[in-house]
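What follows is a short report on a single structure.
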Amino acid sequence: MLFFSTYCLSQAINGTVATEDGPIPGVNIINLNTGDGTMTDFDGNFILEDLSMGDEIEFSFIGFKTEKIIFDGQTDINISLVLTSENLDEVILTGYGSQTRRKLTSSVSKIEGDDLANTALPTIDAALQGRAAGVQITQGSALSGAATKIRIRGANSAVASSDPLFVVDGIVVESGGFLDNTGVGEFMVTDGGSNVLQSLNPNDIQSIEVLKDASATAIYGARGSSGVILITTKSGRSGKTQIDLTIDTGTSDLTRKLDMANTDEYLTLAQEAWYNDGNDPTKFWSDSGILTNGLTRAEALQNNTDWQEVALRKGKSYRGNISASGGDEKTKFFISGSFLDENSIYEGNEYLKITTRTNLTHKLSDKFEIGTFMTYSYVDNSPVSNQNGLGRANSLLPIYPVFNEDGTYFDIQNNVLANIRLMDYNDKSRNFLSNWFINYDISENLNFRTEFGINSLDSVTETYRDALIDGNGIARATSINTSRNSWNLKSQINYNKSFGKHNLDILAAVDVQKNRRIRSNVIGIGYSNSSQRTPIDAGQTDIGYSEQAYSFLSFLSRINYDFDGKYLLSFTIRRDGSSRFGVNNQYGTFPAASIGYNLSDEIFFEPLKEFINYFKIRASYGISGNAEIGNYLNESQYETVQYDGNVGLQLSNIADDKLSWETTTQTNLGLSFELLNGKIRGDLDYYDKVTDDLLLSLPVSSQVGLSGTSYTTNVGQITNEGFEISVGATIVDQNDFTWDAQLNFAKSRNEVTDIGGDVDFITIEGFGNTTIYKGYPIGITNIPVWHGVDPATGQDIYETPSGELLNRDEGIAQYGSLGNFFGAIQQPFGKPWPDFTGGFNSQINYKNWFLSTLFTFSVGQNFIASGQTVLSKYAFTSNNNFLRHMLGRWRNPGDITRVAQANRDPINYSRTSEFSSDVDYLRMRDLTIGYRFDLNSNTLKGLDVYLKLTNYLTFTNAQPWMYDPENIPGAGNTNIMDYWKQKPQAKSINVGVNFKF
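The sequence shown runs 0 to 996 under numbering that gives the first Met the number 0.
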């Protein structure tokens, strides 16, 4: 009987605390009658026990209006809190957990999914450009689905990857991992398409957090040195099902066209170069070699082909997105589907993407919740080789026609349109990404969560090269099947407890990841007729197979402590093991610590609060790692070689059981503030990153009898130093007129400070002049430095390493030949990384109208267009077309010009700094204007129409031989200054309509 009475008087209540945007972790819940309390878990759930009828319960969270209820016997309750400061106390994901911005002690940038929705760009990473300080994002080209290059706080590695780690709904998504890309004819085929995020739908994104300093990234240990990007997709909410439908269509064009010579201009300079080399002017047409494939002089004079127009076209896109969300107190859902059908500005480039998503959560009980986040995508991509597309088009002479009179292709081996149409390339990929979780509240302060993620990608790549292209009557076909599978299992336990004004949050977790890739390929050579296009039908068949695997095992812990929300402390440690390293160095430990101090909570700060209502200082220090170097480099590897008709084995990689992690030590000092009651808010950060034990692939001296053999080892140091500013402002806040703006700005400096031993530079394996210089940024090149044109002789002038200036003839006289001269005066040159980057965006709402803009900028970078060196300096030797600026060449003594005398010297193709160009730019990345209709309908809740401009305005100082100031010469960090075959960007206009039901 006594037990029954106690049960009736002492009861429990459970529920969820949330805002309109979702659940809130860490809410303080106190029984004001007894002083007992608890906190909400990661999903906003709580249990408060030992309650009596009439007890008053308080729900409080910094930055939110406190709510109170009277307990009257209810067992389930949902509490909604209202923000008093939206910026300070929004929830920020930090990896394996979350914090409010007020308590955050690390450097994290957050981008809301609404800022990315309805983007005209096909991938999320491209849409992120200009939205986070210190995050440099470069779009690869106008090719549909092209990869972007992302660097967070600079390049911190030489040959290991500097790509950030992507985590989607808690699951690591590999951006690389298998580095043996396979060249197929004129194409480079990479696993599963060219962009790791192309399987995601931008409209499904709830938020993106960019973790930048060591305190934020150390929770990912050996994989966090290049930064971490956390992507969270949308979840369902309780209530009536809501349906959102968007339909969009658009067109695209080239942002900037190379100014190539026409027929009259080409013939003028070609004949002048012929004459300047001492040739008989009357034999130009017969002996120069420009008349090929039966072309006559009369026909050549009649033609004026713009080969850029042949290789390019007006692009078109059609896209649609539909989603539904809803649920009740126990079950919530979000489902979506989307399609994108795009033909880019490149002739022959077609792209189709279809995505689906299902996010479900279900509460089995007050303590037990399960759920899943699943997405499936199908991509059908037909890219175009730049070698045989636009890159080839720029070299073709305007005197050549596209077609012969009988409709056949003229000069089929070199004809860009023939190469596009007679070379097929298609990649079909299917990607399945899922995360299943179980969440269990062991007690009111203790929570257990386990997640199991799967990422499965299968692709089939097929190519066909018609026999007519090579002119040898032999066709080639290739089929590559690639299967990439990874699984990720992690379990974590969280303890949250408040002791008066002391608040403690402890995390402990274990994380296991396994990755495997299987590739099989078949190459067919020689077909009896053009209708046969599969490798199995070929006269000769070559078959290949490869398999790779790697894994990680990790243990991690994090402790967050604060006193009264004023004094903040965080400590993180992670122990990582990787199969990529030798037995002596398979494990690494990566700690980090950070502190914060909310000065504005102090009494002495009160007089300033009328103007500065919030002010926090913070600092962090920690170590993270990098293991992205490929697989099996710690083991001896062999390759087959032929010598004197015999086949044998040769060592291709020397084992190093001491091979270890790159380690990046980073110090961050920052402050966060709000002025004028939150109308102005911002963050300032200074960082110093030092990466030690660089992973480099070095060649073995041929004197030891292992020519062509390399070994990977740890040597050298790179530093990145800079500061970042992010400022947001509410300029106008009235009933029918609001205006918000954000500015982010970053300055960075990169330097190689050590390369091992007492040397100034080392040369590593790779294409071209891949040399790393001590005291210079990673990625520079070594070339002759050009100093203009000698007005007296019309010859180019170059600088020797000693500072002496010599023209062409003087260099030949001093060094014996032009080749020796150029070889002797190579110097480190270039600025491969910008000094300043940033973005400015604005959102204006006036009555039913809305306008948003995004501008991005980059200052202090330059590149070399070596492909344009061939087109211009070497044009008259190789019968290539040239850039129109060559018409300003030197002709007579005393001429002041930057273009030397036209001649046919074959050495002129050598790379020099003459064709370097600054690539500063300010670009209108996005402008969207739209109208929201007032509706009086029970079915249709919202109707928006909009017009969107993407990349439509660009202001740049780039030279005329640059297609666009924004481009990616290479995926890595070395030899990235050289644009061999440039790829242009596109500007687009889209119109769309959005329905809400």
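Where a beta carbon is used, it is the ideal one built from N, C-alpha and C, also for glycine.
Note that this is a predicted model, so its numbers are computed, not measured.
The alpha-carbon of R922 is positioned some 21 Å away from that of G144.
Cα atoms of I928 and N950: separation of roughly 15 Å, rounded to the nearest angstrom.
With contacts defined by Cβ atoms closer than 8 Å, R448 and Q512 do not form a contacting pair. A straight-line Cα-Cα distance of about 43 Å links I437 and D933. Here the alpha carbon of I602 sits roughly 45 Å from the alpha carbon of S161. With a cutoff of 8 Å on beta-carbon distance, P959 and D113 are scored as not near each other. Taking a cut-off of 8 Å for Cβ pairs, the stretch 33 to 44 and the stretch 418 to 436 do not touch, as fewer than three such pairs fall below it.
One alpha carbon belongs to S916, the other to M961, and they sit about 8 Å apart. Taking all protein chains shown into account, N719 has 16 or more neighbouring C-beta atoms within 10 Å of its C-beta and is therefore buried.
W306 carries a helical assignment under DSSP once its states are collapsed to helix, strand and coil. Straight-line spacing of the CA atoms in F580 and V158 works out to 16 Å.
G452 and N484 do not touch by the CB rule: their CB atoms are close to 12 Å apart, not below 8 Å. In this structure, the beta-carbon distance from T662 to G624 falls below 8 Å. According to the DSSP assignment, T240 belongs to the beta strand (DSSP E) that extends over G238 to L253. Residue environment for P964: buried (at least 16 other C-beta atoms within 10 angstroms of its C-beta). The distance from the Cβ of K64 to that of E55 is about 16 Å, inconsistent with a contact at the 8 Å cut-off. The DSSP-derived three-state label of Y814 is helix.
Per DSSP, the beta bridge partners of E720 are D687 and R748. In this structure, the CA atom of G288 is about 58 Å from the CA atom of L210. Between N202 and T231, the alpha-carbon positions lie close to 12 Å from each other. If the five residues before and after Y526 are omitted, its C-beta is found closer than 8 Å to the C-beta atoms of A466, A474, A476, R532, D536, A537 and G538, all from its own chain and listed in chain order.
Taking a 10 Å sphere around the C-beta of N454, we find 16 or more other C-beta atoms and assign the residue as buried. If you draw a straight line from the Cα of N27 to the Cα of Y375, it is about 39 Å long. Scanning I717, F610, V731 and I628 for the CA closest to the CA of N676 turns up F610. Beyond the five residues adjoining it in sequence on each side, V309 comes within less than 8 Å, by CB distance, of E346, A392, V401, V415 and L416 in the same chain, given in chain order. With fewer than 16 other CB atoms across the displayed protein chains lying within 10 angstroms of its CB, L300 is exposed. DSSP places W435 in the uninterrupted beta strand (DSSP E) bounded by M422 to D440. Contact fails between the stretch 833 to 843 and the stretch 882 to 894, because fewer than three Cβ pairs, one in each stretch, are under 8 Å apart. Annotation: G470 is outside any alpha helix (DSSP H) and is labelled neither H nor E by DSSP. Excluding sequence positions up to five before and after S987, its CB lies within less than 6 Å of the CB of A119, G249, S251 and T949, all in the same chain and listed in chain order.
For F283, the uninterrupted alpha helix (DSSP H) segment begins and ends at F283 to D286.
About 6 Å separates the Cβ atoms of I771 and I754, confirming a contact at the 8 Å cut-off. Secondary structure at W785: strand, using DSSP grouped into helix, strand and coil. Ranking I207, L92 and Y560 by CA distance to the CA of I110 puts I207 first. Here the alpha carbon of R807 sits roughly 30 Å from the alpha carbon of S285. If the five residues before and after L607 are omitted, its C-beta is found closer than 6 Å to no C-beta atom of its own chain.
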